[in-house]
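Peer 1: The letter at position 145 of the sequence shown is residue 145 when you use the working numbering, and the numbering goes up by one with no holes.
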Amino acid sequence: MVEGLARRLDAADTVYLTGRDPGRVAEAAANMPRTGARVRGELLDVADPGAAARLAEVIEERHGGVDIVFGNAVMRVGPDDDPRAVLDEYTQVNNFGTTRLMRAFTPLLRDGGRFVVVASSLGTLHHLAPVLHDRFDGLTTLDEVDKQVAAWRDAVLDGSAAAGAWPGFINIPSKTAQVAAVRALAGERRAEDARRGILLAAACPGMINTPTSGLWWDVSGAPSPAQAAVPLLDLALGPAHPDRYGRLVRFGKVLSWKPGT
1 MVEGLARRLD
11 AADTVYLTGR
21 DPGRVAEAAA
31 NMPRTGARVR
41 GELLDVADPG
51 AAARLAEVIE
61 ERHGGVDIVF
71 GNAVMRVGPD
81 DDPRAVLDEY
91 TQVNNFGTTR
101 LMRAFTPLLR
111 DGGRFVVVAS
121 SLGTLHHLAP
131 VLHDRFDGLT
141 TLDEVDKQVA
151 AWRDAVLDGS
161 AAAGAWPGFI
171 NIPSKTAQVA
181 AVRALAGERR
191 AEDARRGILL
201 AAACPGMINT
211 PTSGLWWDVS
221 GAPSPAQAAV
231 PLLDLALGPA
241 HPDRYGRLVR
251 FGKVLSWKPG
261 T
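In C-alpha cells form, the structure reads like this:
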C-alpha cells in the first residue's frame with residue numbers, strides 16, 4: 001500500500017511507513033521505489049496508548065497537517081490460538097489502536113483529506129446474531145465503541161461470551177467494531193467534512209494472499225498485497241463520493257451495514 005501510494009504521488013510529497021519493529025520498518029522503507037513520493041519510516045505501536053498522539057504531534061510540526069491516513073494495523077491470529085489468550089492484545093491493536101489513530105489524526109486532516117480504516121466485509125451486522133446488533137448499531141462516539149469492545153473482550157476472557165451468542169471467530173466482532181467506529185465518528189463530523197471535501201470510510205480489500213490468511217483459507221488464487229491495495233488507493237485518491245462517507249466500501253461499492261438496509 002505504501003509503495004502504491006508513493007508511486008501515485010509527487011516527489012514533493014512524503015509517505016510515512018509505520019510499524020513497531022524498527023528493523024523491519026527501516027528495511028521496508030529502504031526497499032521502496034525511488035520514484036514518486038519520498039517514503040519515510042517511522043515507529044508506531046498503536047497498542048501503546050500514547051503512541052498515535054505522539055506521532056501526530058511530530059507530523060503536525062513537520063508538515064502542518066495530513067492529507068491521507070490508512071489505519072491498517074492488525075495482530076496476526078491463527079486457528080490454533082486460544083481467543084482468551086490473545087484477545088486482550090488483539091483488541092489493543094485492532095480496535096483500541098484504530099480509535100486511537102482516529103482521535104489523533106482526523107483533527108489534522110486538511111481540506112480534501114482522506115481517512116480510511118482497513119476493515120473487512122465480515123465487519124457488518126450481517127455476521128452477528130441479531131441479539132448482538134444493538135451492541136454496535138447506533139453508537140455515536142468513539143468512547144461508546146471502545147466501551148462495547150471492552151465488554152466483548154471481558155466476556156470472552158471470563159467465558160460468558162459463548163452464552164451471549166458471540167461468534168468464536170474473533171475477527172468478526174473486531175471488524176464490526178472498526179466499522180462501527182467509522183460510523184460513529186462520521187456522525188460527529190459529517191457536516192463539516194462534507195463542507196471541506198473530506199472522506200472518512202472503512203474499506204474491505206477482499207481476500208489477500210498472505211501467510212496469515214493462508215492459515216485460515218486457501219488463498220493460492222487470491223490477489224497479492226500489491227494488487228489488493230489498488231482499490232484502497234483508488235478510494236483514497238479518487239473523488240469523495242458522499243454515499244461512501246462513513247460507510248464500508250469494497251471494490252468501490254458500499255456494503256450494507258445490517259439486514260434490510
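Glycine included, every Cβ here is placed at the ideal spot set by N, Cα and C.
Which of the three DSSP states is assigned to residue 114 in this structure?
Peer 2: The answer is strand: DSSP assigns residue 114 an E or B state.
Peer 1: Roughly how far, in whole angstroms, is the beta-carbon of residue 121 from the beta-carbon of residue 255, given that I think they are within contact range, below 8 Å?
Peer 2: That belief holds up - the Cβ atoms of residue 121 and residue 255 are roughly 6 Å apart, short of 8 Å.
Peer 1: Please classify residue 224 as buried or exposed, where buried requires at least 16 neighbouring CB atoms within 10 angstroms.
Peer 2: Exposed: under 16 other Cβ atoms inside 10 Å.
Peer 1: For residue 68, which residues does DSSP report across the bridge?
Peer 2: The partner list for residue 68 (beta bridge, DSSP) reads 114.
Peer 1: DSSP on residue 124, reduced to helix/strand/coil?
Peer 2: Reduced to three states, the DSSP call for residue 124 is coil.
Peer 1: Out of 161, 188 and 157, point me to the one whose CA is closest to residue 142's CA.
Peer 2: Of the listed residues, the one whose Cα sits closest to residue 142 is 188.
Peer 1: Does the beta carbon of residue 117 come closer than 7 Å to any beta carbon on chain B?
Peer 2: Here chain B cannot be found, since the structure has a single protein chain.
Peer 1: Does the structure place the stretch 190-206 close enough to the stretch 143-160 that three or more beta carbon pairs sit under 8 Å?
Peer 2: The stretch 143-160, when compared against the stretch 190-206, does not touch it at the 8 Å Cβ threshold.
Peer 1: Which term fits residue 173, buried or exposed, when burial requires 16 or more other beta carbons within 10 angstroms of its beta carbon?
Peer 2: Residue 173 should be labelled buried.
Peer 1: Give the secondary structure of residue 253 by DSSP, where H, G and I count as helix, E and B as strand, and everything else as coil.
Peer 2: Here residue 253 sits in strand by DSSP.
Peer 1: When we look at the beta-carbon of residue 106 and count the other beta-carbons within 10 Å, is it buried (16 or more) or exposed?
Peer 2: Buried, by the Cβ-count rule.
Peer 1: Who are the Cβ neighbours of residue 33 in its own chain at under 7 Å, not counting the five residues just before and after it?
Peer 2: Closer than 7 Å at Cβ, skipping near neighbours: 3, 6 and 7.
Peer 1: Identify, in the order they occur along the chain, each residue of the same chain with its Cβ nearer than 6 Å to the Cβ of residue 51, setting aside the five sequence neighbours on each side.
Peer 2: Only 44 and 45 meet the Cβ criterion.
Peer 1: Between residue 152 and the rest of its own chain, which residues show a CB-CB distance below 6 Å, the 5 nearest in sequence each way excluded?
Peer 2: Here the set comprises 173.
Peer 1: Where does residue 20 fall in DSSP's three states?
Peer 2: Residue 20 falls in the coil class under three-state DSSP.
Peer 1: Please confirm whether residue 15 and residue 29 have their CB atoms less than 7 Å apart.
Peer 2: Cβ atoms of residue 15 and residue 29: not closer than 7 Å.
Peer 1: By a C-beta neighbour count over all protein chains shown, 10 Å radius and 16 as the cutoff for buried, is residue 177 buried or exposed?
Peer 2: Flag for residue 177 reads buried.
Peer 1: Grab me the residues of residue 89's own chain with a C-beta within less than 8 Å of its C-beta, minus the 5 sequence neighbours each way, in chain order.
Peer 2: For residue 89, where only same-chain residues beyond five positions count, the Cβ hits under 8 Å are 47 and 75.
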